[in-house]
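Q: Residues 4 to 252 in my numbering are what the sequence shown spells out, letter by letter.
Yeah, the Cβ is synthetic: ideal placement off N, Cα and C, and Gly gets one too.
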Amino acid sequence: MGLRALLSGDLLRDKIAIVTGAGRGIGEGIARKLAHDGATVVCADVNESDASSVASSLASIGMRLDVSKADECDALVTRVHERYGRLDILVNNAGINRDAMLHKMTDDQWHQVIAVDLTGVFFMTRAASRLMRAAGSGRIVNISSASWMGNIGQANYAAAKAGVVGLSRTAAKELARSQVTVNAICPGFIDTTMTRGIPDAIREQQLAKIPLGRAGQPADVAAVVAFLASDEAGYVTGEVINVGGGYVL
Ligand code: NAP
């Protein structure tokens, strides 16, 4: 598959993909892009009605999934395997934030974010890797965050997202012999529900740090996911890719 597939929007034809947190925001953008490029996308989200409405607009299927529950992750991957016979692409996108300064952060705020943003990625990656190892192929793309480098008010979130980087690099090493690639993407400031709650003054400060001069859109992240999920990216693994308009420069 080469230039012709790229031009025809067929890069992911016949691929079976799971996208977590696909009910809105970046996950919805990723699901739309993968479907546009030819994949059959299972839109999984803790909010089943959002997942189903995105899926129905893509002629795909929506499923309820709480990534923080190991049994739900195992059951979803089993259902996909039973229905389609394989799983080619997993995008671990589901994530939450519960921001607070470290000295005020509650136990619940810490545990909730670690459970969804880090343990959820582990549960889904573990379940998917069993199928992908057996198949001798697969693509796993994990959505980390530029915040993994450290960000005020986000000790829980930064710790989880740094954990995703370590998990991705380790999984890349372990799964390389099975031709399964694992990469992490670190979005910067993307215009979604997660960032719309940020107070205006802080929002302006964040936007001023972006050399390309605008907030990112879900489609900006989705384009990179689609490449990493394709056959074209077969020699790219263990990478941590910033998609932030130059935010980290
Ligand atoms: P969002 O608009 O809040 O969407 C997140 C989606 O994930 C929602 O549909 C949410 O469902 C779902 N979700 C939450 N908990 C879940 C769980 N336990 N199991 C399954 N699904 C769950 O967030 P976003 O901005 O699109 O962020 C997507 C990913 O990108 C996250 O991992 C986030 O950390 C990361 N990221 C975002 C930015 C940014 O600037 N927006 C920057 C860097 C990284 P509900 O509707 O029920 O909450």
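Look at the Cβ atom of Leu90, then the Cβ atom of Ala131, and state whether they are nearer than 8 angstroms.
A: What you label residue 90 is simply residue 87 of the sequence shown in a count that begins at 1. What you label residue 131 is simply residue 128 of the sequence shown in a count that begins at 1. Closer than 8 angstroms, so yes.
Q: For the beta strand (DSSP E) containing Ala236, name the first residue and the last one.
A: Here the question's residue 236 lines up with position 233 in the sequence shown. No beta strand (DSSP E) contains Ala236, which DSSP labels as neither H nor E.
Q: Ligand 1 heavy atoms versus the CB of Pro202: any closer than 7 angstroms?
A: Counting from 1 along the sequence shown, the entry for residue 202 is found at position 199. No, ligand 1 has no heavy atom inside 7 angstroms of this Cβ.
Q: With respect to 7 angstroms, is the separation between the Cβ of Gly248 and the closest non-hydrogen atom of ligand 1 below this value?
A: Reading the sequence shown from its first residue, position 245 is the one you call residue 248. Flag unset: Cβ of Gly248 not near ligand 1.
Q: Give a yes or no on whether the C-beta atoms belonging to Val144 and Val246 are separated by under 8 angstroms.
A: As a position in the sequence shown, residue 144 is number 141, starting the count at 1. As a position in the sequence shown, residue 246 is number 243, starting the count at 1. In this structure, Val246 does not lie closer than 8 angstroms to Val144 by Cβ.
Q: With respect to 7 angstroms, is the separation between the Cβ of Phe125 and the closest non-hydrogen atom of ligand 1 below this value?
A: As a first step, residue 125 must be located in the sequence shown, where it is residue number 122. No.
Q: Measure the alpha-carbon distance for Val124 versus Met135 and round it to whole angstroms.
A: One-based indexing of the sequence shown puts residue 124 at position 121. One-based indexing of the sequence shown puts residue 135 at position 132. Distance between the alpha carbons of Val124 and Met135 is about 16 angstroms.
Q: Please work out which residues of its chain come closer than 6 angstroms, Cβ to Cβ, to Asp102, disregarding the five sequence neighbours upstream and downstream, and give them in chain order.
A: In the sequence shown, counting from the first residue as 1, residue 102 sits at position 99. Gly156, Gln157, listed in sequence order.
Q: Who does Thr23 pair with in a DSSP beta bridge?
A: Here residue 23 is taken as the residue at index 20 of the sequence shown, counted from 1. Note: Thr23 sits in a beta bridge opposite Ala47.
Q: Output the distance between the C-alpha atoms of Ala225 and Leu210, rounded to the nearest integer angstrom.
A: Walking along the sequence shown from the start, residue 225 turns up at place 222. Walking along the sequence shown from the start, residue 210 turns up at place 207. Cα to Cα, the separation comes out at about 20 angstroms.
Q: So Pro221 packs on Ile29, CB below 8 angstroms; how close in whole Å?
A: Along the sequence shown, one-based indexing puts residue 221 at 218. Along the sequence shown, one-based indexing puts residue 29 at 26. Yes, they are in contact, since the Cβ atoms of Pro221 and Ile29 sit about 5 angstroms apart, within 8 angstroms.
Q: Does the beta carbon of Gly156 fall short of 7 angstroms from some heavy atom of ligand 1?
A: Counted from its first residue, the sequence shown places residue 156 at position 153. Flag unset: Cβ of Gly156 not near ligand 1.
Q: If I measure Cβ to Cβ from Gly248 and keep anything under 7 angstroms in the same chain, skipping five residues before and after, which residues do I get?
A: Position 245 of the sequence shown holds residue 248. Answer for Gly248: Gly191, Ile213, Pro214, Leu215, Arg217, Gly219, listed in chain order.
Q: Can you tell which of Arg133, Ala204, Met152, Ile205 has its C-alpha closest to the C-alpha of Ala174?
A: Numbered from its first residue, the sequence shown carries residue 174 at position 171. The shortest C-alpha separation from Ala174 is found at Arg133.
Q: Can you confirm whether the stretch 99–113 touches the stretch 72–81 when touching is taken to mean that 3 or more C-beta pairs between the two stretches lie within less than 8 angstroms?
A: The stretch 72–81 is not in contact with the stretch 99–113.
Q: Per DSSP, what are the beta-bridge partners of Met197 in this structure?
A: Position 194 of the sequence shown, counted from the start, is the residue given in the question as residue 197. Paired residues: none, contrary to the question.
Q: Rounding to the nearest angstrom, what Cα-Cα distance links Arg27 and Ser52 in this structure?
A: For the purposes of this step, residue 27 is identified with residue 24 of the sequence shown, where counting begins at 1. For the purposes of this step, residue 52 is identified with residue 49 of the sequence shown, where counting begins at 1. Taking the straight line from one Cα to the other gives about 11 angstroms.
Q: Beta-carbon separation of Leu14 and Asp40 under 8 angstroms?
A: Position 11 of the sequence shown holds residue 14. Position 37 of the sequence shown holds residue 40. It is a contact, given that the beta carbons lie within the stated cut-off.
Q: Go through the stretch 163–188 residue by residue and report every complete run of the alpha helix (DSSP H) that reaches 4 residues or more, in order.
A: Segments of the alpha helix (DSSP H) lying fully in the stretch 163–188: there are none.
Q: Is the separation between the beta-carbon of Leu80 and that of Ala149 shorter than 8 angstroms?
A: Taking the first residue of the sequence shown as 1, we reach residue 80 at position 77. Taking the first residue of the sequence shown as 1, we reach residue 149 at position 146. One detail in the question is off: residue 80 reads as Val in this sequence, not Leu. Not closer than 8 angstroms, so no.
Q: With a Cβ-Cβ cutoff of 8 angstroms, do Asn95 and Ile146 count as a contact?
A: The count along the sequence shown starts at 1 and reaches residue 95 at position 92. The count along the sequence shown starts at 1 and reaches residue 146 at position 143. Yes, the Cβ-Cβ distance between Asn95 and Ile146 is below 8 angstroms.
Q: With DSSP collapsed to three states, give me the class of Ala103.
A: Counted from its first residue, the sequence shown places residue 103 at position 100. Strand at Ala103.
Q: Whole angstroms is fine: what's the gap from Val239's alpha carbon to Asp17's?
A: For the purposes of this step, residue 239 is taken as the residue at position 236 of the sequence shown. For the purposes of this step, residue 17 is taken as the residue at position 14 of the sequence shown. Taking the straight line joining both Cα atoms gives about 21 angstroms.
Q: Kindly indicate the opening and closing residues of the alpha helix (DSSP H) around Val83.
A: Here residue 83 is taken as the residue at index 80 of the sequence shown, counted from 1. 73–87 is the span of the alpha helix (DSSP H), which, as asked, contains Val83.
Q: Using a threshold of 7 angstroms, is the CB atom of Gly28 nearer than that to any non-hydrogen atom of ligand 1?
A: As a first step, residue 28 is located in the sequence shown; it is residue number 25 there, counting from the start. Answer for Gly28: yes, Cβ within range of ligand 1.
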